[in-house]
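Report on one structure; see the data block that follows.
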Amino acid sequence: MMIEAIKVRRVYGEKIIEFLGRLNLIHRGKKIKKVDDFIIIPLIRKPSEEELNLIFSHFQDAQLCMDFFEDKFSRPRSIAEVLRDFMSKSELNLLPKSFDIIGDIAIIEIPPELSSFKHLIGEALMKVNSKVKTVFAKKSAINGVFRIRELEHIAGVFSSVTFHREYGCVFKVDVLKVYFSPRLSFERYRVARQVRDGEIVVDMFSGVGPFSIMIAKYSQVDVYSIDLNPCAVALLNENLRLNKLRGWVYPILSDANYTVNLFRCESFADRIIMNLPESSHLFLDEAVRLVKSGGIIHYYCFSGDGDPVKRAYLKLVEILEECGVKDFSITSMRKVKPIAPYKWQVAIDIKIFK
Ligand SMILES: C[S@@+](CC[C@H](N)C(=O)[O-])C[C@H]1O[C@@H](n2cnc3c(N)ncnc32)[C@H](O)[C@@H]1O
12 MMIEAIKVRR VYGEKIIEFL GRLNLIHRGK KIKKVDDFII IPLIRKPSEE ELNLIFSHFQ
72 DAQLCMDFFE DKFSRPRSIA EVLRDFMSKS ELNLLPKSFD IIGDIAIIEI PPELSSFKHL
132 IGEALMKVNS KVKTVFAKKS AINGVFRIRE LEHIAGVFSS VTFHREYGCV FKVDVLKVYF
192 SPRLSFERYR VARQVRDGEI VVDMFSGVGP FSIMIAKYSQ VDVYSIDLNP CAVALLNENL
252 RLNKLRGWVY PILSDANYTV NLFRCESFAD RIIMNLPESS HLFLDEAVRL VKSGGIIHYY
312 CFSGDGDPVK RAYLKLVEIL EECGVKDFSI TSMRKVKPIA PYKWQVAIDI KIFK
């Protein structure tokens, strides 16, 4: 159907859209057209004489015309919006409000009460987010030495391998075989910004290398990246080829418990990253031996209720004492991400003096 429209030279585009918007004249459900040097803006109604005079006095070559316009496709904004005709109100209230996106794979936690809707929920998620091609549902908590969880494919193409981009880096990830969290992206960036050229960095639990790679992307450094999971180390090797790095990253398939042995010396590193929050305290003595005086340990742990950062700090002080550390200063402490109700991952940066 033809509708009223205003045709004007493109150079006035932004100004007239704002002007017509203030008069509440623009048809928001139709697409604006561009023809040669002109734009044609669809209107919801014919402007009054007074409105037309206003328009023509501000935009001298503007014309009122009739034209055909395509509908704007409006994407649903939530899973609940897609599923409102399929579920009861109480079921809609149980729907998860958030999910993780790694590359083009989404990972969602579906409450047991909604398990019969899991495929519908997966399809709805893909409608809400056009980037998502595959949806997995969480089947277990993160567990085991490799820190992975069981997943069930519920929608889209079956593929567990994807390429995740953040802060100018790209990481190849297999969500069924390695740990990866997109929620740590700012934390990685925060750490990478602190690193200076010439540093020796040890990433004790590197996974596919997101910390190591982001650090070597921005600085001319040597990064030693250790992990026990052979799949993670294989992907780290691939990721080194995918990213143009300023520094060097050396992947090591090994147990971080023998780090000092690996390097055959103590006080070797300017910076150590310990992203194994549930058990990094068990490796702190090794990290303390490996770090230079004045070097930094980026320590991660889980902490609960009340003031999680303060709790984590008090626990850390005890562990440092057990490791024989006499002199240290804390350069930063922050909550990184919630991992369960009332439970947080906390990051503490420790400067060690020997
Ligand atoms: C929480 S993930 C962190 C991975 C990576 N740093 C990241 O941010 O994506 C911990 C990693 O530590 C590895 N890991 C667990 N125990 C280890 C050990 N004793 N020595 C070396 N790596 C270990 C696991 O395989 C896993 O990839």
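In the working numbering, the protein residues as written are 12 to 365. For each residue, glycine too, the CB sits at the ideal point set by N, CA and C.
- Note that the C-beta distance between SER171 and ASP185 is below 8 Å.
- Under the DSSP assignment, ASP296 falls in the alpha helix (DSSP H) whose first and last residues are 295-301.
- The beta carbon of ILE211 sits closer than 6 Å to those of ASP233, ALA280, ASP281, all from its chain and outside the five residues before and after it, given in chain order.
- Annotated three-state conformation of VAL219 is coil, per DSSP.
- At a Cβ-Cβ threshold of 8 Å, ALA323 and MET215 do not count as neighbours.
- For ILE50, the enclosing beta strand (DSSP E) has its first and last residue at 49-53.
- A straight line joining the alpha-carbon of PHE67 with that of VAL139 spans about 41 Å.
- Sequence-distant partners of HIS175 (beyond 5 residues in either direction) whose C-beta falls short of 6 Å from its own C-beta, in its chain, are ILE113, GLY114, PHE182, VAL184.
- Taking C-beta atoms as the reference points, GLY218 and ALA245 fail to come closer than 8 Å.
- Relative to ligand 1, the beta carbon of LEU287 is positioned inside 7 Å of a heavy atom.
- At a Cβ-Cβ threshold of 8 Å, PHE339 and ILE359 do not count as neighbours.
- Using a Cβ-Cβ distance cut-off of 8 Å, the segment 338-358 and the segment 195-209 are in contact, since at least three pairs of beta carbons, one from each stretch, lie closer than that value.
- According to the DSSP assignment, PRO349 belongs to the beta strand (DSSP E) that extends over 338-351.
- Measuring C-alpha to C-alpha distances from ASN248 to each of LEU256, ASN240, PRO262, TYR235 identifies PRO262 as the nearest.
- Between the alpha carbons of PRO53 and LYS42 lies a distance of about 7 Å.
- VAL146: member of the beta strand (DSSP E) spanning 145-149, first to last residue.
- The C-beta distance from GLU289 to PHE313 rounds to 6 Å, short enough to fall under 8 Å.
- C-alpha of ILE90 to C-alpha of VAL336: approximately 51 Å in a straight line.
- About 5 Å separates the CB atoms of ILE50 and GLY24; that is less than 8 Å, so the two are in contact.
- In the DSSP annotation of this structure, LYS42 is not part of any alpha helix (DSSP H), being labelled neither H nor E.
- If the five residues before and after ASP82 are omitted, its C-beta is found closer than 8 Å to the C-beta atoms of GLY40, LYS41, LYS42, all from its own chain and listed in chain order.
- Bridge pairing for MET77: GLU15 [DSSP].
- The beta carbon of ASP48 sits closer than 7 Å to the beta carbons of ARG20, ARG21 from its chain, once the five residues preceding and following it are set aside; these are given in chain order.
- Residue burial is scored here from C-beta neighbours: ARG204 has fewer than 16 other C-beta atoms within 10 angstroms and is therefore classed as exposed.
- The DSSP assignment places complete beta strand (DSSP E) segments of no fewer than 3 residues inside the segment 124-178 at 145-149, 162-167, 172-177, in order along the chain.
- At least 8 Å separates the beta-carbon of GLY133 from that of ILE153.
- Judged by their CB atoms, ILE119 and ALA148 are nearer to each other than the 8 Å cut-off.
- Taking 4 residues as the minimum length, the alpha helix (DSSP H) runs contained wholly in the segment 224-312 are 241-253, 270-274, 295-301, in order along the chain.
- CA-to-CA, the gap between ILE341 and ASP296 works out to about 17 Å.
- Note: LYS354 is bridge-paired with ALA351 in the DSSP secondary-structure output.
- With distances taken between CA atoms, ARG275 lies nearest to ARG300 out of ARG300, GLU92, MET285.
- ALA227 and CYS76 have their alpha carbons spaced roughly 58 Å apart.
- For ILE283, the closest C-alpha among the options VAL347, GLU61, ILE308, ASP266 is that of ILE308.
- In the same chain as SER151, and ignoring 5 residues on each side of it, the C-beta atoms closer than 7 Å to its own belong to ARG160, GLU161, in chain order.
- The beta carbons of SER291 and TYR311 sit about 6 Å from each other, so the pair counts as a contact at 8 Å.
- For VAL328, the secondary structure class from DSSP, reduced to helix, strand or coil, is helix.
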